[in-house]
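Below you'll find the structure, written out as structure tokens, and then a few comments.
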Amino acid sequence: MATQEQECADRRRRDRRIWRLDAVLEASARVTLVSPRQGLDRITAYRIFEDVPDVRSRISYIDREFTLDTDVSLVESADLVLTAIDDVDLSKQICALARARKVPVNVADVPPECDFYFGSQIRDGPLQIMISTGGAAPKLSNLIRKRVEEALPPPPFLGDAIRRVGILRARLRKRAPGVGGALGKRRMRWMIKVCETWSFEQLAQLDDERIEKLLEAGWDKGLTVPSYEELGGTVPTVSWAERIPSGTLPVAAGFIAGALFTSALVLLRRK
81 MATQEQECAD RRRRDRRIWR LDAVLEASAR VTLVSPRQGL DRITAYRIFE DVPDVRSRIS
141 YIDREFTLDT DVSLVESADL VLTAIDDVDL SKQICALARA RKVPVNVADV PPECDFYFGS
201 QIRDGPLQIM ISTGGAAPKL SNLIRKRVEE ALPPPPFLGD AIRRVGILRA RLRKRAPGVG
261 GALGKRRMRW MIKVCETWSF EQLAQLDDER IEKLLEAGWD KGLTVPSYEE LGGTVPTVSW
321 AERIPSGTLP VAAGFIAGAL FTSALVLLRR K
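So for the sequence shown, the numbering used here puts the first residue at 81; every next one is plus one.
Shown next, in the form of structure tokens:
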């Protein structure tokens, strides 16, 4: 019977492998997954067999263990190789094979055999924050990520704010076209003032009507920045200092690294 400690370790590995697979799929990679069917967890099996067509179509699944005798071509055709198998010698051989063919490789939980790492990430729409210690302290990264998340507005405020500011910048460039020079510097200064004056929550409420009002009352009238309330908004301003709980300032960085699958090789291709 598995001990509680073993069950917790299995759960952590399962969570990490699910996150890593989702991360590469979100990056629009085409994935070749080599793993015996019995080694798949429920969510991974769902991704392979039952997920939406766009996801399933990007996963080529091979139901068996990886062998060097028959699968060298899989490594040669990949842009990235992720391996998490119990066979240490085979892991080293896969790493050597990938590096000999200049294919970046990540061997789970073995930092010297990793050409790249999966950082602990915070994602909110276009916002991406990665924390990494280069494989030195995986658990710390998870703890620090949680502390950073506590200091940020809850989704979707940041993601929405970034999207709306991007639309505002595009409208401003259309209103005052030109690249570089004095005009470019004026646009940059005005956008900085907007971002410093309005809170994240307020920026997230920048709909098309408010964007037009902001440009008319601000940019068109001497680069002033009216407050959110002056444009009819009612979302209160919350300062960054008020947002950070006591004792939650990050003091270290880390990253999540670990098994992607029990006995699995994942190969990624851009196309």
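Beta carbons are placed, not taken as given, at the ideal position from N, Cα and C, and that holds for glycine.
Values in this document were obtained by computation on a predicted structure and should not be read as measured data.
Residue j beta carbon less than 9 Å from that of residue i
{"i": "S108", "j": "R138", "result": "yes"}
{"i": "I165", "j": "F146", "result": "yes"}
{"i": "L311", "j": "F280", "result": "no"}
{"i": "L283", "j": "A241", "result": "yes"}
{"i": "S200", "j": "R225", "result": "yes"}
{"i": "V305", "j": "G298", "result": "yes"}
{"i": "I209", "j": "S221", "result": "no"}
{"i": "P184", "j": "V152", "result": "no"}
{"i": "V155", "j": "L177", "result": "yes"}
Beta-carbon proximity list for residue i, same chain, < 8 Å, skipping 5 on both sides
{"i": "I291", "result": "R244, I247, L248, R251"}
{"i": "L105", "result": "V111, R127, V135, R138, I139"}
{"i": "G264", "result": "G258"}
{"i": "L303", "result": "R266, R269, W270, K273"}
Cβ neighbours of residue i in the same chain (closer than 6 Å, five flanking residues each side left out)
{"i": "E117", "result": "Residue identity check: residue 117 is Arg in the sequence provided, not Glu. Counting only Cβ-Cβ distances below 6 Å, and skipping sequence neighbours, we find D143."}
{"i": "T355", "result": "Lying before the first or after the last residue shown, residue 355 is absent from the chain, which here runs from 81 to 351."}
{"i": "V132", "result": "none"}
{"i": "P233", "result": "F280"}
{"i": "R122", "result": "none"}
Opposing strand residues paired with residue i [DSSP bridges]
{"i": "S140", "result": "T112"}
{"i": "Q201", "result": "M210"}
{"i": "V346", "result": "L113, L162"}
{"i": "C194", "result": "N186"}
Own chain, CB closer than 7 Å to residue i, minus 5 neighbours either side, in chain order
{"i": "L295", "result": "R251, L252, R255"}
Identify every run of the alpha helix (DSSP H) within the segment 159 to 191, keeping only runs that are complete inside it and at least 4 residues long; order them along the chain. 168 to 180
Within the segment 219 to 251, note down every full alpha helix (DSSP H) run reaching 4 residues or more, in order along the chain. none
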